[in-house]
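One structure below.
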């Protein structure tokens, strides 16, 4: 596969009422993203990946790989394999590689406090054991300084990408690029809230949710054709909804799956417990966004 750039949505995991994965809906979601001409597809925190067991992850990766292979499209698969256990991180990373992943997304351990040299050792061990590009994940609660990111890129073979999610991301991109890190490609995250601002400063892609891939792909194409004003005008219609969805993972899980239900991809927006459910007012507000943006396929 080629570089990990462009629009790389993170899959949502559909569940039945009993908490089992709805594989039929998952296959529909994979096809939805593939048909939207995305550049990559990820399984990560937005997929509730930390609530999935080893066998469930294996099946999801296999289905995604098969869907992409059958489409004959060049779409990268990125799998989040970072944990606070070195052994488990290596185990999950090997699983991802063996099942066809093109890259690993790894945040530093967040249950223990590590200094920079210990974080360097963590990533170096992964790089030494798994010959796949690593997307370092800079996330609230497990943040990486610009100096550390640059050192990782300059000294560890497979640390070739970073996903920035600690605001203000546009300013962090500027500061990071001023350090001239070796061959580092920057990606945005945080639901794609600052996609255009990040692109303007040198980011090469974004990793949003899976509910409006078509919107991000259209914006990506406009940006690639230097149609910045048109991209701003188009994308900014969706920013209020993206901001609303950025109120915590559990909140976002329910409401992003709700959008997928309205778009005819999911049958339900169940979230695997434990979780915090939005109230009726939150759904009314989301319905307003869906109506305004004409996202519903319901008749």
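Numbering (my numbering), first residue to last: 86 to 384. Idealized CB from N, CA, C, for every residue including glycine. Quantities reported herein were computed from a predicted structural model and do not represent experimental measurements.
Per DSSP, the unbroken alpha helix (DSSP H) holding residue 258 starts and ends at 254-262. The three-state secondary structure of residue 213, taken from DSSP, is helix.
Beta-bridge partners assigned by DSSP to residue 190: 165 and 220.
Membership of residue 357 in any alpha helix (DSSP H) is not indicated, and neither H nor E is assigned to it by DSSP. By the criterion of a C-beta distance shorter than 8 Å, residue 318 is surrounded by no residue of its chain, once the five residues flanking it on both sides are discounted. The C-beta distance from residue 266 to residue 219 rounds to 14 Å, too long to meet the 8 Å contact threshold.
In this structure, DSSP gives residue 235 a helical state, which the three-state scheme calls helix.
Per DSSP, the continuous beta strand (DSSP E) segment holding residue 247 begins and ends at 244-249. Assigned with DSSP and collapsed to three states, residue 97 falls in coil, not helix or strand. In the structure shown, residue 184 falls within a coil segment according to DSSP collapsed to helix, strand and coil. Apart from sequence neighbours up to five positions away, the residues of its chain that approach residue 278 with a beta-carbon distance below 8 Å are 324, 327, 328 and 331, ordered along the chain. Take the alpha-carbon of residue 128 and the one of residue 163: they are about 6 Å apart. In this structure residue 121 is in contact with residue 302, their Cβ atoms being roughly 6 Å apart against a cut-off of 8 Å. Residue pairing by DSSP places residue 227 opposite 224 in a beta bridge. The Cβ atoms of residue 98 and residue 132 sit closer than 8 Å to each other.
According to the DSSP assignment, residue 90 belongs to no alpha helix (DSSP H), since it is labelled neither H nor E.
Straight across, the Cα-Cα distance linking residue 203 with residue 371 is about 43 Å.
Within the stretch 285-334, the runs of alpha helix (DSSP H) that reach at least 4 residues and sit entirely inside it are, in chain order, 298-309, 313-320 and 324-330. Its chain contains 248, 250 and 292 as the residues whose beta carbon lies nearer than 6 Å to that of residue 274, once the 5 sequence neighbours on both sides are disregarded; these appear in chain order. Distance check between residue 270 and each of 299, 148 and 221 places 221 closest, using alpha-carbon atoms only. Using a Cβ distance threshold of 8 Å, residue 264 and residue 231 count as a contacting pair.
Residue state for residue 177 is assigned as helix, using DSSP reduced to three classes. With respect to the C-alpha of residue 92, the residue from 300, 363 and 369 having the closest C-alpha is 300. Rounded to whole angstroms, the gap between the alpha carbons of residue 243 and residue 117 is 30 Å.
In terms of Cα proximity to residue 165, the closest of 198, 196, 225 and 96 is 96. Residue environment for residue 140: exposed (fewer than 16 other C-beta atoms within 10 angstroms of its C-beta). No Cβ-Cβ contact shorter than 8 Å links residue 102 with residue 357. A residue is called buried when at least 16 other Cβ atoms come within 10 angstroms of its Cβ; residue 123 meets this threshold and is buried.
For residue 137, no beta strand (DSSP E) run applies, since DSSP gives it neither H nor E. The residue among 363, 344 and 349 with its C-alpha nearest the C-alpha of residue 375 is 344. One Cα belongs to residue 110, the other to residue 352, and the distance between them is close to 7 Å.
Going by C-alpha positions, residue 312 is about 15 Å away from residue 283.
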